[in-house]
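J.: Residue numbers (the UniProt record's numbering): 1 to 229.
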Ligand SMILES: Nc1ncnc2c1ncn2[C@@H]1O[C@H](COP(=O)(O)OP(=O)(O)OP(=O)(O)O)[C@@H](O)[C@H]1O
Ligand SMILES: [Mg+2]
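1. Would you grab the beta carbon distance between residue 109 and residue 155 for me? Rounded to a whole angstrom, and I think it's under 8 Å.
2. Can you tell me whether DSSP reads residue 173 as helix, strand or coil?
3. Would residue 195 and residue 163 be called neighbours here (beta carbons separated by less than 7 Å)?
4. Is it the case that the stretch 73-88 contacts the stretch 130-141, given that we only count it when at least three CB pairs across the two stretches are under 8 Å?
5. Let's test the definition: count the other Cβ atoms within 10 Å of the Cβ of residue 174 and tell me whether it reaches 16, buried, or not, exposed.
6. For residue 3, which residues in the same chain have their Cβ closer than 6 Å to its Cβ, ignoring the five residues on either side in sequence?
7. Tell me whether residue 97 is buried or exposed, calling it buried when 16 or more other Cβ atoms sit within 10 Å of its Cβ.
8. Could you spell out where the alpha helix (DSSP H) holding residue 62 opens and where it closes?
9. Under the assumption that residue 12 contacts residue 20 (Cβ atoms under 8 Å), give the Cβ distance between them as a whole number of angstroms.
10. Could you check if residue 36 is buried or exposed, using at least 16 other CB atoms within 10 Å of its CB as the buried criterion?
11. Would residue 216 and residue 44 be called neighbours here (beta carbons separated by less than 7 Å)?
12. When you measure from the CB of residue 92 to every non-hydrogen atom of ligand 2, does any distance come out below 6 Å?
13. Keeping to the same chain, check which residues put their C-beta closer than 8 Å to that of residue 223; ignore five residues upstream and five downstream.
14. Name the two residues that bound the continuous alpha helix (DSSP H) containing residue 11.
15. With a threshold of 6 Å (Cβ to nearest heavy atom), would residue 47 be considered close to ligand 2?
16. Report yes if the C-beta of residue 197 is less than 6 Å from at least one heavy atom of ligand 1; otherwise report no.
17. Cβ of residue 91 within 7 Å of Cβ of residue 167?
18. Secondary structure at residue 167, three-state DSSP: helix, strand or coil?
19. Rounding to the nearest angstrom, what Cα-Cα distance links residue 210 and residue 76 in this structure?
20. Can you tell which of 137, 169, 138 has its C-alpha closest to the C-alpha of residue 146?
21. Given a cut-off of 7 Å, decide if residue 187 and residue 33 are closer than it, judged by their beta-carbon atoms.
22. Tell me, to the nearest whole angstrom, how far the beta carbon of residue 198 is from that of residue 205; I am working on the premise that it is less than 8 Å.
23. Determine the contact status of residue 61 and residue 10, defining contact as a CB-CB distance below 7 Å.
24. State yes or no: is the C-beta of residue 102 within less than 7 Å of the C-beta of residue 136?
25. Please state whether the Cβ-Cβ distance between residue 50 and residue 165 is less than 7 Å.
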């Protein structure tokens, strides 16, 4: 369950002379229990791929299926429910609400999705692991970039999604925090049987990956299998 597949996806932005072909016949699959890493330079199409994979953007052509059903076969209501219940996004911009304390960012999730979220103890563990427990009463503007990034990761994990899509989740973190986040994502895949997909240009994540892909000018290719240590 909660497998995930992308078939022959093309994305073209703009029209006429302003037309840019950003993704070319992209194929991709992710199964529960694995961490897939998509590496690629800036502008290669990683964020575009991830927003299409998560159903936030409909591709120009091609299909994205979650649990064997494509987004276009679902009504808008069903897509919204799927995203709410099953997909956790860690977006490149952190999307924390400026007028809510960190604690209230989690309470807001409870309002939108009252059931199936992490228990208080489980959330406590995640906050502890990420080193952000002492920040609960602060507002996003009072946090450093790296702290905001870790809060955004915790908030994406809080609804306990089966699929986690993370866009540059370590860009603002120093090496020790990168190891913590890499271990956390790996643990979610392996111990909690989630499908975790990370797009990044951070090579420090490679050793945690089960599957490694490269995005280059909108073409996705498989890299050599990764040896897990
Ligand atoms: N809404 C849009 N309209 C037009 N062009 C876009 C749009 N979104 C992205 N692009 C273009 O698509 C290309 C890929 O962008 P994308 O954000 O997917 O790259 P990325 O690999 O995530 O880069 P980065 O590592 O800098 O985040 C870029 O050339 C970008 O300018
Ligand atoms: Mg990006």
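Glycine residues also receive a C-beta, built at the ideal position from the N, C-alpha and C atoms.
T.: Quick look at the numbers:
1. At roughly 7 Å, the Cβ-Cβ gap stays under 8 Å, so residue 109 and residue 155 are in contact.
2. Residue state, collapsed to three classes: coil.
3. The Cβ-Cβ distance between residue 195 and residue 163 falls below 7 Å.
4. Because the criterion of three Cβ pairs below 8 Å is not met, the stretch 130-141 and the stretch 73-88 do not touch.
5. When all chains shown are included, residue 174 counts as exposed.
6. Closer than 6 Å at Cβ, skipping near neighbours: 31.
7. Looking at its Cβ environment, which holds fewer than 16 other Cβ atoms inside 10 Å, residue 97 is exposed.
8. Following the DSSP letters along the chain, one finds residue 62 in no alpha helix (DSSP H) but inside the beta strand (DSSP E) bounded by residues 61-66.
9. Their Cβ separation, rounded to whole angstroms, is 7 Å, which keeps residue 12 and residue 20 in contact under 8 Å.
10. Classified as buried, residue 36 has 16 or more neighbouring CB atoms from the shown chains inside 10 Å of its CB.
11. The answer is yes: Cβ separation under 7 Å.
12. Residue 92 Cβ: within cutoff of ligand 2.
13. Hits under 8 Å: 39, 212, 213, 214.
14. Careful: residue 11 lies outside any alpha helix (DSSP H), inside the beta strand (DSSP E) at 4-13.
15. Distances taken from the Cβ of residue 47 to the heavy atoms of ligand 2 include one shorter than 6 Å.
16. Checking every heavy atom of ligand 1 against the Cβ of residue 197, none is found closer than 6 Å.
17. Going by C-beta atoms, residue 91 is nearer than 7 Å to residue 167.
18. Strand at residue 167.
19. Rounded to the nearest angstrom, the two C-alpha atoms are 33 Å apart.
20. Among 137, 169, 138, the Cα nearest to that of residue 146 is on 169.
21. Their beta carbons are not under 7 Å apart, which means residue 33 does not touch residue 187 by this criterion.
22. The C-beta separation of residue 198 from residue 205 comes to about 6 Å, placing the pair in contact by the 8 Å criterion.
23. Yes, the pair counts as a contact, with Cβ atoms nearer than the cut-off.
24. It is a contact, given that the beta carbons lie within the stated cut-off.
25. Going by C-beta atoms, residue 50 is nearer than 7 Å to residue 165.
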